[in-house]
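The structure under discussion appears below in the form of structure tokens.
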Amino acid sequence: MTRAWNFSAGPAMLPTAVMERIAEELPDTNGSGMSAMEMSHRGTAFQAIAQATEADLRDLLDVPDDYRVLFLQGGATALFATLPLNLANGSGRADYIHSGHWSGKAIAEARRYCRVNVAGDCEPRGFSRVPEAGEYRMDPAADYVHITPNETIHGLRFPELPETGGRPLVADYSSAILSEPLDVRDYGLIYAGAQKNIGPAGLCLVIVRDDLLTGAREDTPSLMDLRAQAQAGSMLNTPPTFAWYVAGLVFQWLKEQGGLAVMAERNRVKAGLLYQAIDDSDFYRNPVAAECRSLMNVPFFLADPQLEGRFKQEAAEAGLLNLGGHRAIGGLRASIYNAMPLEGVKALVGFMNDFERRYG
Ligand code: PMP
Numbered sequence: 213m214t215r216a217w218n219f220s221a222g223p224a225m226l227p228t229a230v231m232e233r234i235a236e237e238l239p240d241t242n243g244s245g246m247s248a249m250e251m252s253h254r255g256t257a258f259q260a261i262a263q264a265t266e267a268d269l270r271d272l273l274d275v276p277d278d279y280r281v282l283f284l285q286g287g288a289t290a291l292f293a294t295l296p297l298n299l300a301n302g303s304g305r306a307d308y309i310h311s312g313h314w315s316g317k318a319i320a321e322a323r324r325y326c327r328v329n330v331a332g333d334c335e336p337r338g339f340s341r342v343p344e345a346g347e348y349r350m351d352p353a354a355d356y357v358h359i360t361p362n363e364t365i366h367g368l369r370f371p372e373l374p375e376t377g378g379r380p381l382v383a384d385y386s387s388a389i390l391s392e393p394l395d396v397r398d399y400g401l402i403y404a405g406a407q408k409n410i411g412p413a414g415l416c417l418v419i420v421r422d423d424l425l426t427g428a429r430e431d432t433p434s435l436m437d438l439r440a441q442a443q444a445g446s447m448l449n450t451p452p453t454f455a456w457y458v459a460g461l462v463f464q465w466l467k468e469q470g471g472l473a474v475m476a477e478r479n480r481v482k483a484g485l486l487y488q489a490i491d492d493s494d495f496y497r498n499p500v501a502a503e504c505r506s507l508m509n510v511p512f513f514l515a516d517p518q519l520e521g522r523f524k525q526e527a528a529e530a531g532l533l534n535l536g537g538h539r540a541i542g543g544l545r546a547s548i549y550n551a552m553p554l555e556g557v558k559a560l561v562g563f564m565n566d567f568e569r570r571y572g
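Residue numbering for the sequence shown follows the numbering used here, starting at 213 and increasing by one per position.
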């Protein structure tokens with residue numbers, strides 16, 4: 213088996229050990245005589261998988277008992293609408309921090325269903341750092357405050373959470389969930405598309421505090437009603453069973469690695485190596501303030517943008533795939549989620565040094 217070093221931002225590489233396990237038990241999962249993708253979602257074989265998956269996630273993130281865990285469909289983008297439909301039911305207003313491309317998308321969608329106050333905007337500084345504590349302009353009557361703790365495209369992370377004055381903090385954790393420990397109690401709701409650190413696309417994980425499940429607006433599509441989904445165990449209709457099963461294998465793998473503190477340490481080492489290589493050279497550049505740099509997505513630019521095509525082509529020939537930046541900002545980007553081993557980052561840094569020697 214040949215596995216490339218895949219730096220895709222998502223769908224992203226999954227641990228090779230998980231791939232091997234899927235291959236091994238594909239025709240007969242857990243002695244059931246069926247693949248997980250063939251099981252009835254309401255049958256005992258799949259129910260056991262669903263429950264173990266949730267239990268392992270609760271273990272990993274130390275999810276308190278008064279939070280529900282949901283496995284939904286429609287990706288993180290579906291949540292952009294689901295959030296205001298379910299949570300903007302008091303004043304009908306919500307605070308959003310605009311920290312990059314994805315929070316911009318969340319804001320645009322929320323504006324269709326509620327009044328959005330942009331309580332902090334990183335755009336004037338080119339998304340190179342998050343607001344400082346005194347810079348937020350919150351609406352004290354807003355029903356919730358939304359942040360994107362890790363902006364996948366700009367490679368920008370929040371080193372500290374904004375003060376919300378007791379209002380629920382809602383976080384799009386798509387590209388950083390499970391990369392380090394977090395305190396679920398800091399949030400009213402956490403959501404994350406699966407295709408980076410969780411499993412295959414098709415699943416969106418939601419962790420929501422019970423008291424926020426007061427019921428959605430009346431015209432909310434039933435599948436987007438979080439209270440109804442919680443009551444139905446995320447099975448109002450057929451859930452993406454295979455993706456759910458693979459997520460369970462990834463959670464088991466994370467536990468075997470030693471949990472999120474171990475992953476965080478590995479992720480710091482990996483990202484540190486890459487940022488060091490960028491900062492040590494005049495050939496590569498990353499514009500994000502040091503304390504706000506993402507551990508998961510490392511965008512970088514060449515002093516001579518004409519060389520980008522050649523960089524991507526030669527990298528691919530060396531087995532280093534998907535290093536193109538997002539079409540919204542161009543440049544290059546290495547996504548180094550949990551499944552990317554240190555060895556892969558070392559291979560990339562070696563290639564970057566060599567490329568600079570040849571073209572710098
Ligand atoms: N939010 C963030 C932070 C993302 O990185 C992405 C996808 N890259 C999305 C939302 C959209 O996710 P999906 O395609 O699952 O809807």
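C-beta: ideal position from N, C-alpha, C; glycine also.
- Among the bridge pairs identified by DSSP, L381 is matched with V357.
- The residue among E344, G332 and S340 with its C-alpha nearest the C-alpha of D351 is G332.
- Following the DSSP letters along the chain, one finds Y457 inside the alpha helix (DSSP H) bounded by residues T453 to Q469.
- About 7 Å separates the Cβ atoms of Y385 and Y403, confirming a contact at the 8 Å cut-off.
- Around the beta carbon of V481, a 10 Å sphere encloses fewer than 16 other beta carbons of the protein chains shown; the residue is thus reported as exposed.
- For the options E250, S434 and S220, the alpha carbon positioned closest to that of P452 is the one of E250.
- Straight-line measurement puts the Cα of F283 at about 25 Å from the Cα of I309.
- Per the DSSP secondary-structure output, E363 pairs in a beta bridge with L368.
- Relative to the non-hydrogen atoms of the ligand PMP, the Cβ of S386 comes within a distance shorter than 6 Å of at least one.
- When secondary structure is reduced to three states using DSSP, N498 falls in the coil class, being assigned neither helix nor strand.
- With fewer than 16 neighbouring CB atoms inside 10 Å of its own CB, P336 falls in the exposed class.
- Taking 6 Å as the cut-off, one finds no heavy atom of the ligand PMP near enough to the beta carbon of W217.
- Residue state for D431 is assigned as coil, using DSSP reduced to three classes.
- Nearest neighbour of A224 by Cα position, chosen from P412, P361 and V500, turns out to be P412.
- Straight-line measurement puts the Cα of F563 at about 7 Å from the Cα of A527.
- Residue side-chain check: G411 keeps its Cβ at 6 Å or more from all non-hydrogen atoms of the ligand PMP.
- Excluding sequence positions up to five before and after Y457, its CB lies within less than 6 Å of the CB of A248 and I261, all in the same chain and listed in chain order.
- Look at D422 here: in three-state DSSP terms it is helix.
- Following the DSSP letters along the chain, one finds F523 in no beta strand (DSSP E) but inside the alpha helix (DSSP H) bounded by residues E520 to E529.
- Here S387 is buried. Its C-beta has 16 or more other C-beta atoms within 10 Å.
- Look at N329 here: in three-state DSSP terms it is strand.
- For E568, the CB contacts under 7 Å within the same chain, skipping 5 residues up- and downstream, are S493 and F495 in chain order.
- Inter-segment contact for the stretch 358-373 and the stretch 500-519 is present: three or more beta-carbon pairs are separated by less than 8 Å.
- Excluding residues up to 5 positions away in sequence, D268 lie with their Cβ nearer than 7 Å to the Cβ of Q464 in the same chain.
- Beta-bridge annotation (DSSP): C416 is paired with L284 and G405.
- DSSP places S315 outside any beta strand (DSSP E); the residue lies instead in the alpha helix (DSSP H), whose first and last residues are H313 to A322.
- When the beta-carbon positions are compared, P511 and R545 come within less than 7 Å of each other.
- A direct Cα-Cα distance of roughly 43 Å separates G531 from P296.
- For C416, the closest C-alpha among the options T426, Q441 and P393 is that of Q441.
- Contact annotation, Y325 with A293: C-beta distance approximately 6 Å; criterion of less than 8 Å satisfied.
- Ranked by Cα distance from D566, the options T376, F523, A345 and L299 are led by F523.
- Counting of Cβ neighbours within 10 angstroms places A540 among the exposed residues, the total staying below 16.
- Put simply, the backbone Cα of Y399 is about 8 Å away from that of V420.
- Here DSSP, grouped into helix, strand and coil, assigns F292 to helix.
- Comparing alpha-carbon positions, the option among V330, C334 and N534 lying closest to H358 turns out to be V330.
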